[in-house]
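K.L.:
Going by the numbering used here, the first residue of the sequence shown is number 17, and it counts up by one from there.
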Amino acid sequence: MTLDTIVDLKTHPLANPGFQAQARRALDKTGVLTLSGFLQPDVLAQLNEEAARHEHKAYFAQSTHNVYLTPPDPDLGPKHVFNRQVVSTKGCICDDQVEAGSPLRTLYHAASFQAFLCAVLGETALHPYADPLSSINIHYAPEGKELGWHFDNSEFAITLLLQKPSGGGGYEYIQDLRDAKRGEMNFDGVEAALDGRLEPTRLDIQPGTLVLFRGRNALHRVTPTQGDITRYLVVLAYNGEPGVALSENARKTFYGRVS
Ligand SMILES: O=C(O)CCC(=O)C(=O)O
Ligand SMILES: [Fe+2]
17 MTLDTIVDLK THPLANPGFQ AQARRALDKT GVLTLSGFLQ PDVLAQLNEE
67 AARHEHKAYF AQSTHNVYLT PPDPDLGPKH VFNRQVVSTK GCICDDQVEA
117 GSPLRTLYHA ASFQAFLCAV LGETALHPYA DPLSSINIHY APEGKELGWH
167 FDNSEFAITL LLQKPSGGGG YEYIQDLRDA KRGEMNFDGV EAALDGRLEP
217 TRLDIQPGTL VLFRGRNALH RVTPTQGDIT RYLVVLAYNG EPGVALSENA
267 RKTFYGRVS
């Protein structure tokens, strides 16, 4: 399977330096790059069937979490924003449950796709997660299920919406709310966001769209699904450095297991 059978390379010429520069400008300006009609229509249909086939295996998050996806810090006290708990109830299947022959694996590992991402992100190489669960995930959000406010462990993530609910299921974010590399947690900004005093940016995207975002420093969430169409969404996660595993705390919260 070659990349052009998966991606509409006529509309999105990933190897073209001009296209790369334009994508990079969009990402730097807004914190998000969206490429609509990224997946070829037949692959989108195939991936929806694949997602539906494995839906019964999805693990649905059952515990609350803080926005940093860490265990609480008792020294800060229960009222501190670091310890503020938010709700996530969406489900997902992990990399070890994604079919061996899935086009998602071809896309994830394709050298030309990774070269495009590197050019856009200003990275020299991309690395999969060191744990066997976190690189490729398929998310499921039936009616009422949501993903609460959080910062990602990984610097950046790529999502592919497969099936859009009739209402809700919207991606909302606040760009550059913290600076993880500098250890800047921005408790005041996070508190303002959680209290609804900061207006997030909202994305309205269609199935087949690629979204690339810098989720480590952007506070983001997905609003509860409304209606009886389940939201299906793929996450492709990479790291700029090799050997990085998703934290055990995040794996327990979202996968219900660590390996
Ligand atoms: O579902 C989405 O659109 C975003 C997913 C996400 O933020 C995550 O998996 O960490
Ligand atoms: Fe995220």
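All residues carry an ideal CB built from backbone N, CA and C; glycine is no exception.
1. Between the C-alpha atoms of Lys-161 and Cys-110, what's the straight-line distance to the nearest angstrom?
2. Work out the CA separation of Ser-151 and Glu-65 for me, nearest whole Å.
3. Just to confirm, is the Cβ distance from Leu-43 to Leu-49 under 7 Å?
4. How about Gln-191 and Ala-234: are their beta carbons less than 7 Å apart?
5. Identify whether Val-103 lies in helix, strand or coil by the three-state DSSP scheme.
6. Got a sec, what are the start and stop residues for the beta strand (DSSP E) Leu-49 sits in?
7. Closer than 6 Å to a non-hydrogen atom of ligand 2 - does that hold for the CB of Gly-231?
8. Tell me whether Asp-220 sits in a helix, a strand or coil according to DSSP, three-state version.
9. Does the structure place the stretch 243 to 256 close enough to the stretch 173 to 185 that three or more beta carbon pairs sit under 8 Å?
10. Suppose contacts are defined by Cβ-Cβ distances below 7 Å. Is Ala-196 in contact with Arg-218 by that definition?
11. Can you tell me where the alpha helix (DSSP H) with Asn-153 in it begins and where it stops?
12. Between which two residues does the alpha helix (DSSP H) containing Leu-205 stretch?
13. Tell me, please, which residues DSSP counts as bridged to Phe-229.
14. What separation, rounded to the nearest whole angstrom, lies between the Cα atoms of Thr-27 and Gln-242?
15. At which residues does the beta strand (DSSP E) containing Tyr-124 begin and terminate?
16. In terms of alpha-carbon separation, which member of Arg-237, Val-274 and Gly-184 lies closest to Ser-245?
17. Quick check: is any heavy atom of ligand 1 less than 6 Å from the C-beta of Leu-51?
18. So what's Glu-71 in DSSP terms, helix, strand or just coil?
19. Leu-92: buried (16+ other C-beta within 10 angstroms of its C-beta) or exposed?
20. Quick one: any contact between the stretch 65 to 80 and the stretch 113 to 121, if contact means 3 or more CB pairs under 8 Å?
21. In terms of alpha-carbon separation, which member of Ala-39, Pro-144 and Ala-266 lies closest to His-279?
22. Write down the C-beta distance between Arg-100 and Leu-163 rounded to the nearest angstrom, noting that I regard them as a contact closer than 8 Å.
23. Just to confirm, does Asp-168 get its C-beta within under 6 Å of one of the non-hydrogen atoms of ligand 2?
P.N.:
Result, derived from the coordinates:
1. By 1-based counting over the sequence shown, the position of residue 161 is 145. By 1-based counting over the sequence shown, the position of residue 110 is 94. So the alpha carbons of these two residues sit roughly 18 Å apart.
2. The count along the sequence shown starts at 1 and reaches residue 65 at position 49. The count along the sequence shown starts at 1 and reaches residue 151 at position 135. Spanning the two alpha carbons is a distance of roughly 20 Å.
3. Stepping through the sequence shown from its first residue, residue 43 is reached at position 27. Stepping through the sequence shown from its first residue, residue 49 is reached at position 33. The answer is yes: Cβ separation under 7 Å.
4. Along the sequence shown, read from residue 1 onward, the residue named residue 191 stands at position 175. Along the sequence shown, read from residue 1 onward, the residue named residue 234 stands at position 218. Yes. Within cutoff.
5. Locating residue 103 in the sequence shown gives position 87, where the first residue counts as 1. Three-state DSSP puts Val-103 in coil, outside helix and strand.
6. Mapped onto the sequence shown, residue 49 falls at position 33. Element bounds for Leu-49: 48 to 51.
7. Here residue 231 refers to the residue found at position 215 of the sequence shown. Yes, since a heavy atom of ligand 2 falls inside the 6 Å radius drawn around the Cβ of Gly-231.
8. On the sequence shown, position 204 is the one that residue 220 refers to. Of the three classes helix, strand and coil, the one that applies to Asp-220 here is coil, per DSSP.
9. With the rule of 3 Cβ pairs closer than 8 Å, the stretch 173 to 185 counts as touching the stretch 243 to 256.
10. Taking the first residue of the sequence shown as 1, we reach residue 196 at position 180. Taking the first residue of the sequence shown as 1, we reach residue 218 at position 202. The answer is no: Cβ separation not under 7 Å.
11. The residue given as residue 153 occupies position 137 in the sequence shown. Looking at the DSSP string, Asn-153 is not in any alpha helix (DSSP H); the run it does join, the beta strand (DSSP E), is 152 to 157.
12. On the sequence shown, position 189 is the one that residue 205 refers to. According to the sequence provided, residue 205 is Gly. The question's Leu does not apply to it. For Gly-205, the enclosing alpha helix (DSSP H) begins and ends at 203 to 210.
13. Counted from its first residue, the sequence shown places residue 229 at position 213. DSSP output for Phe-229 lists Val-48 and Ala-173 as bridge partner(s).
14. Stepping through the sequence shown from its first residue, residue 27 is reached at position 11. Stepping through the sequence shown from its first residue, residue 242 is reached at position 226. Computed Cα separation, rounded: 32 Å.
15. By one-based count along the sequence shown, residue 124 stands at place 108. Note, Tyr-124: premise wrong, no beta strand (DSSP E); alpha helix (DSSP H) at 119 to 125.
16. Residue numbering aside, residue 245 sits at position 229 when the sequence shown is read from its first letter. Position check: residue 245 holds Ile in this sequence, whereas Ser was assumed. The closest CA to that of Ile-245, considering only Arg-237, Val-274 and Gly-184, is found on Gly-184.
17. Within the sequence shown, numbered from 1, the residue matching residue 51 stands at position 35. No; taking the cut-off as 6 Å, the Cβ of Leu-51 has no heavy atom of ligand 1 nearer than that.
18. If you number the sequence shown from 1, residue 71 lands on position 55. The answer is helix: DSSP assigns Glu-71 an H, G or I state.
19. Looking up residue 92 in the sequence shown gives position 76. Exposed is the call here.
20. Three or more beta-carbon pairs separated by less than 8 Å link the stretch 65 to 80 to the stretch 113 to 121, which places the two stretches in contact.
21. Residue 279 is absent from the model: the chain starts at 17 and stops at 275.
22. Within the sequence shown, numbered from 1, the residue matching residue 100 stands at position 84. Within the sequence shown, numbered from 1, the residue matching residue 163 stands at position 147. No, Arg-100 and Leu-163 are not in contact; Cβ-Cβ is about 16 Å, not under 8 Å.
23. On the sequence shown, residue 168 is found 152 positions in, with the first residue counted as 1. At least one heavy atom of ligand 2 is nearer than 6 Å to the Cβ of Asp-168, so yes.
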